[in-house]
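Sequential numbering from 457 applies to the sequence shown in the working numbering. Only one structure is covered here, and it is reproduced in the block below.
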Amino acid sequence: MYVAKLKDFGVGAILDHDVGDAIKLANELDTDAEAAHLARAARIVRKDILKQDQSFEGTLGTECQENSIPESLKALVTFILKGSTS
């Protein structure tokens, strides 16, 4: 018999024949946590995009593309490509 502490459920006992189901549940909980982190990151980037001035005055400036990307999006892409430590 295994004893495991499950998030939001306290401590539960798992019989030997239930180990596969327990591992499956743990993986599903981990996937849900990752999805929550991704949603939070998207919310931050979206908020920063909407804060920017999106006016167009007939011509594009020389640095319009560089200036249109929020720092939070640049940081997120850097984390994706290089990891959180440089």
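Built from N, CA and C at the ideal position, the CB exists for glycine as well. The model shown is predicted, which means the values in this text are computed figures rather than measured ones.
### Query
How would you write the range of the alpha helix (DSSP H) that S524 sits in, first residue to last?
C520 to S524
### Query
When the Cβ atoms of the stretch 487-505 are set against those of the stretch 519-535, are three or more pairs found closer than 8 Å?
yes
### Query
Quick one: what does DSSP say S528 is sitting in, helix, strand or coil?
helix
### Query
Do N523 and G517 have their CB atoms nearer than 9 Å?
yes
### Query
How many Å lie between L537 and R496 at the Cα?
Rounded to the nearest angstrom, the two C-alpha atoms are 19 Å apart.
### Query
Between R499 and Q508, what straight-line distance do the alpha-carbon atoms span, to the nearest angstrom?
Cα-Cα distance, rounded: 15 Å.
### Message
In this structure, how does DSSP classify D488 when only helix, strand and coil are distinguished?
### Response
helix
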